[in-house]
Structures are given as C-alpha cells and as structure tokens.
Amino acid sequence: MADQQIARTDSILIKRYAGRRLYNTASLTYVSLDDLANMITNDCRFVVRDAETGADITSDILSRLH
23 MADQQIARTD
33 SILIKRYAGR
43 RLYNTASLTY
53 VSLDDLANMI
63 TNDCRFVVRD
73 AETGADITSD
83 ILSRLH
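Our numbering puts the first residue of the sequence shown at 23, with every later residue one more than the last.
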C-alpha cells in the first residue's frame, strides 16, 4: 500500500471534467486518450481523477486505450 502511495505522489495528475475532457495539471493543457497512450509508451506515470468527485478513475480511462 505504501508503494502505491509513493508512486501516486510521483505521478502526473490528470483531471477528467464534464464532457470527458482530460486536463494534464503538469503541462496545463487538455489531452486526448492518444496523448495518455503516448505517456504510457514514454514511461510517464499518471493518475486520472474525476474533477467533480475526486474519485480515482485511472483504470476506467486505461480500459479505453487501444
């Protein structure tokens, strides 16, 4: 559990807003699912949270990547 918390603090925070818009809080830009796929390819760690509820929805977003 502690390892997961450490990994998450080193991760880029992506917020999902209404209309499924994804916002990268590190680069201050909106991103697409393709951008997230490229981040994975480049070994960038990120976590996706719902902007309204704060819920971790990373697994839901990852399941949409091809």
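Even for Gly, the Cβ is constructed at its ideal location relative to N, Cα and C.
Same chain, Cβ closer than 7 Å to residue i, neighbours up to 5 away in sequence not counted
| i | result |
| --- | --- |
| Gly76 | none |
| Leu84 | none |
| Tyr39 | Tyr45, Ala73 |
| Met61 | Phe68 |
| Asp78 | Val69, Arg71 |
Anticipated Cβ contact below 8 Å, residue i with residue j, distance rounded
| i | j | result |
| --- | --- | --- |
| Leu55 | Leu35 | Wrong, their Cβ atoms sit about 17 Å apart, outside the cutoff. |
| Val70 | Thr63 | Going by Cβ atoms, the distance from Val70 to Thr63 rounds to 17 Å, so no, they are not a contact pair. |
Terminal residues of the alpha helix (DSSP H) in which residue i lies
| i | result |
| --- | --- |
| Thr51 | From DSSP, Thr51 is part of no alpha helix (DSSP H) but of the beta strand (DSSP E) over 51-53. |
Bridge partners - residue i, DSSP secondary structure assignment
| i | result |
| --- | --- |
| Asp56 | Its beta-bridge partners do not exist; DSSP assigns none. |
| Asp72 | Arg38 |
Limits of the unbroken beta strand (DSSP E) element including residue i
| i | result |
| --- | --- |
| Arg83 | Looking at the sequence shown, residue 83 is not Arg but Ile. From DSSP, Ile83 is part of no beta strand (DSSP E) but of the alpha helix (DSSP H) over 80-84. |
| Ile44 | Before going on, a small fix: residue 44 reads as Leu here, not Ile. Element bounds for Leu44: 43-46. |
Closest Cα partner of residue i within the set the options
| i | options | result |
| --- | --- | --- |
| Asp32 | Asp82, Ala59, Asp57, Ala48 | Ala48 |
Cutoff 8 Å; reference residue i; Cβ partners in own chain excluding five residues on either side
| i | result |
| --- | --- |
| Lys37 | Leu44, Tyr45, Thr47, Val70, Arg71, Asp72, Ala73 |
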